[in-house]
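Chemist: Each number in my numbering corresponds to the 1-based position in the sequence shown with 3 added.
Where is the CB? At the ideal position from N, CA and C, for every residue including glycine.
If you're wondering where the values come from, they're calculated on a predicted model, not measured in any experiment.
Just passing along the structure, written as structure tokens.
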Amino acid sequence: MAADGNAALPDDDDAGDWGPFGKPLFDDPSARALSRVGVVDVGSNSVRMVVFDGAARSPAYFYNEKIMCGLGKGLAQTGRLNPEGKERAVAALKRFSLLAKGMDISPFTVVATAATREAEDGPEFQARVLRETGLRLHVIDGDEEARLSAQGVLLGWPEAKGIVCDIGGNSMELARIGNGRVGKRVSTPLGPFRLQQISADPKKRKAHIDAILEAAARDIRPEGDRLYLVGGSWRVIARLDMERRSYPLTVLHEYRMTPDGLTATLDWLQTTDLPALRGRTGTSAERMELVPLACEVLREMIRVLKPSEIDVSAYGIREGLLFEQMPERLRARDPLIEAARMTELTQARIPGFGKKLFAFLEPLFKGTTAERLRLVKAACLLHDTTWRAHPDYRAEACFDNATRANLGGLDHPGRVFLGLALLHRYKNSRAGSRMEPLFRLLTETDIQEAEALGKAMRFGAMFSIGDPSQAGELRWNLKKRQLTLALTEDGLGLFGEVAQARFAALALALKAQTKVVLKESE
Numbered sequence: 004m005a006a007d008g009n010a011a012l013p014d015d016d017d018a019g020d021w022g023p024f025g026k027p028l029f030d031d032p033s034a035r036a037l038s039r040v041g042v043v044d045v046g047s048n049s050v051r052m053v054v055f056d057g058a059a060r061s062p063a064y065f066y067n068e069k070i071m072c073g074l075g076k077g078l079a080q081t082g083r084l085n086p087e088g089k090e091r092a093v094a095a096l097k098r099f100s101l102l103a104k105g106m107d108i109s110p111f112t113v114v115a116t117a118a119t120r121e122a123e124d125g126p127e128f129q130a131r132v133l134r135e136t137g138l139r140l141h142v143i144d145g146d147e148e149a150r151l152s153a154q155g156v157l158l159g160w161p162e163a164k165g166i167v168c169d170i171g172g173n174s175m176e177l178a179r180i181g182n183g184r185v186g187k188r189v190s191t192p193l194g195p196f197r198l199q200q201i202s203a204d205p206k207k208r209k210a211h212i213d214a215i216l217e218a219a220a221r222d223i224r225p226e227g228d229r230l231y232l233v234g235g236s237w238r239v240i241a242r243l244d245m246e247r248r249s250y251p252l253t254v255l256h257e258y259r260m261t262p263d264g265l266t267a268t269l270d271w272l273q274t275t276d277l278p279a280l281r282g283r284t285g286t287s288a289e290r291m292e293l294v295p296l297a298c299e300v301l302r303e304m305i306r307v308l309k310p311s312e313i314d315v316s317a318y319g320i321r322e323g324l325l326f327e328q329m330p331e332r333l334r335a336r337d338p339l340i341e342a343a344r345m346t347e348l349t350q351a352r353i354p355g356f357g358k359k360l361f362a363f364l365e366p367l368f369k370g371t372t373a374e375r376l377r378l379v380k381a382a383c384l385l386h387d388t389t390w391r392a393h394p395d396y397r398a399e400a401c402f403d404n405a406t407r408a409n410l411g412g413l414d415h416p417g418r419v420f421l422g423l424a425l426l427h428r429y430k431n432s433r434a435g436s437r438m439e440p441l442f443r444l445l446t447e448t449d450i451q452e453a454e455a456l457g458k459a460m461r462f463g464a465m466f467s468i469g470d471p472s473q474a475g476e477l478r479w480n481l482k483k484r485q486l487t488l489a490l491t492e493d494g495l496g497l498f499g500e501v502a503q504a505r506f507a508a509l510a511l512a513l514k515a516q517t518k519v520v521l522k523e524s525e
């Protein structure tokens, strides 16, 4: 992703005034129209309501509630929706309808997937829902389900390229994505509920799964792609993979696995006490019940599709519905930068200062990669958004917010880099931090660069409260490892003892010699 993926919208007359950040998304009328969007996904296993809040390109979850109804349980055998599941689903939808009215949500979209579209009593269920709740179910076909799920991946992962695989209770959808677009899609009957009805013989199930996957592969044409996993069963397996590996960060979005590593987890799960794992990972009994069959499907996908990497997306059909309502020019924004900007707008002491801080520190990062530069931008925007926390805990609060927040466009090493930089914004030393196990996701060079960024922000943020570039200018000679601060007349008065100490700490992190000069004397 380009460092300036946040560039001003093409029709902005004053685009140049906004520098590398682009014009604020929140000022765009089409973004304000999406300030609060509600969606309900009536799936084969769960019924979930999500309300997205704020115009940020990275979705903020204002409200999120899920009921495990099991609407599609037994469908393959009976051809009808599960009776208990129908009652639970209608009760949930009544509640969601009332909640939406209480929140004054518009638009409010309700979609139903495989169970409702395939059941012979699906139309009867739709009519009952409309009659009793006032909600109109939009029943989508498998192709549309695949498209929306893939769009959800693109919402949080704009540069994603490969194959999206969304597993539900009764179906599993595959979609090819790349260049910000959704390509070929295939819907398959490989949901765990459906597989429960196939055979008790694992060999016969394997042959059934293989035949369907090989037919799907002829349409999707795998090419050693990344595989993006969407759906509750996949998320449970990924969480179990973390448990096996003693992985230190339990954020599922953008969790990445190798085919060999994931296969080792699937082998491990065959001989492990699943009820005990359920307690350790906080997985519901309903979800864990479907894990063994989902593992069988995933094992064969690895064999048939031969992915280069398997990544988890926490975003799916619901986020795809939000993406559907975004104008193209909003989709092009960087979700990480937009989320950071929204956070600064609502939580910083001085909203807008992050842009000035970045401009002041930018000379330190000339020649850096575009990906690293966007992390520097995000850090500057977030540098003071936890100021209300107790001073003794600000550093850790910063780290927690960065590593565990629901942010798109940010992989796990990126989360830890951002968190560590923000930790050093408030604290010189990281020794003895309870966050230390997470540092192993970074290289030693990454750790040093995050510390330097944090100490640069620590200096720049207090050097001048208004605009540090009006008080001085940083110059960095990497070859000579010389850090120069050229002060203006105002800056001379601002460069007091604390500022001097923080400037020295920055130089130490950079392993640099320092030089302080007056701009007028040069």
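#1: In whole angstroms, what separates the C-alpha of K518 from that of E365?
#2: Considering only residues of the same chain and omitting the five flanking positions on each side of A508, which have a CB-CB separation below 8 angstroms?
#3: Would you report the Cα separation of F128 and A219, rounded to the nearest angstrom?
#4: So, under 8 angstroms CB-CB, E454 and H427 are touching, yes? Tell me the CB distance rounded to an integer number of Å.
#5: For D213, name the three-state secondary structure that DSSP assigns.
#6: Considering only the beta carbon of each residue, do L425 and A382 sit closer than 8 angstroms?
#7: If I'm right that L296 touches Q199 with Cβ under 8 angstroms, what's the distance once you round it to whole angstroms?
#8: Under 8 angstroms by Cβ, that's how I've got G589 and L157 pegged, so tell me the actual separation to the nearest angstrom.
#9: Can you tell me where the beta strand (DSSP E) with R131 in it begins and where it stops?
#10: First and last residue of the beta strand (DSSP E) that includes V42?
#11: Identify the residues that DSSP records as bridge partners of D314: which are they?
#12: Give me the DSSP bridge partner(s) of D3.
#13: Is T266 near the ligand ATP - that is, is its Cβ less than 7 angstroms away from at least one heavy atom of it?
#14: Which partner residues does K97 have in the DSSP bridge list?
#15: If we ignore side chains and look at the alpha-carbon of each, how far apart do F356 and V53 end up?
#16: Sorted by chain position, which residues of the same chain lie with C-beta nearer than 7 angstroms to C298's C-beta, five sequence neighbours on each side aside?
#17: If V93 sits next to E135, beta carbons under 8 angstroms apart, how far is it from one beta carbon to the other, in whole angstroms?
#18: Using the DSSP secondary-structure output, state which residues sit across from F326 in a beta bridge.
#19: Label K164 either buried or exposed according to how many other C-beta atoms from any shown protein chain fall within 10 Å of its C-beta, with 16 as the threshold for buried.
#20: Can you tell me whether DSSP reads L28 as helix, strand or coil?
#21: From R505 to A408, what does the alpha carbon distance come to, in whole angstroms?
#22: Buried or exposed: I180, going by 16 or more other Cβ atoms within 10 Å of its Cβ?
#23: When you compare the CB positions of G172 and G46, do they come within less than 8 angstroms of one another, or not?
#24: CA-CA distance, A115 and S190?
#25: Identify every residue that forms a DSSP beta bridge with D419.
#26: For N85, which option in V254, F196, D44, R281 has the closest C-alpha, if you only look at C-alpha atoms?
#27: Can you pull the DSSP bridge partners for I552?
#28: Apply the 10 Å Cβ neighbour rule to T286 and answer buried if 16 or more other Cβ atoms are within range, or exposed otherwise.
#29: Thinking just about the alpha-carbon of each residue, which of R259, T274, V501 is nearest to the one in D314?
#30: Between which two residues does the alpha helix (DSSP H) containing V156 stretch?
#31: Go ahead and pull the three-state DSSP assignment for K482.
#32: Which runs of the beta strand (DSSP E) spanning at least 3 residues fall entirely within the region 353-435, listed in chain order?
#33: Which same chain residues, not among the five before or five after Q80, have their C-beta less than 8 angstroms away from its C-beta?
#34: Less than 6 angstroms between C-beta atoms, sequence neighbours within five positions excluded: which residues of the same chain meet that for S49?
#35: Name the residue from Y231, A279, D387, F466 whose alpha carbon lies nearest to the alpha carbon of Q494.
#36: Roughly how far, in whole angstroms, is the beta-carbon of R242 from the beta-carbon of T253, given that I think they are within contact range, below 8 angstroms?
Modeler: In this structure, then:
#1: 18 angstroms
#2: N431, K458, R461, F462
#3: 30 angstroms
#4: 5 angstroms
#5: helix
#6: yes
#7: 7 angstroms
#8: This structure leaves residue 589 out entirely; the chain is present only between 4 and 525.
#9: Unbroken run through R131 is the alpha helix (DSSP H), 125-136; no beta strand (DSSP E).
#10: 39-45
#11: Y231, R259
#12: Here the chain covers residues 4 to 525 and nothing more, so residue 3 does not appear.
#13: As for the ligand ATP, it is missing from this structure, which has no ligand bound.
#14: For K97, which the question treats as bridged, DSSP gives no partner whatsoever.
#15: 32 angstroms
#16: I240, L269, L272
#17: 6 angstroms
#18: F326 is not bridged to any residue.
#19: exposed
#20: Annotation note: pLDDT 43 at L28 (below 50); position unreliable, coordinate value reported separately. Reduced to three states, the DSSP call for L28 is helix.
#21: 29 angstroms
#22: buried
#23: yes
#24: 15 angstroms
#25: It is Val, not Asp, that sits at residue 419 in the sequence shown. Note: V419 sits in no beta bridge, so no partner.
#26: F196
#27: Residue 552 is absent from the structure shown; the chain starts at 4 and stops at 525.
#28: buried
#29: R259
#30: 145-159
#31: coil
#32: none
#33: Q200
#34: K69, M71
#35: Sequence check: residue 494 is Gly here, not Gln. It is F466.
#36: 7 angstroms
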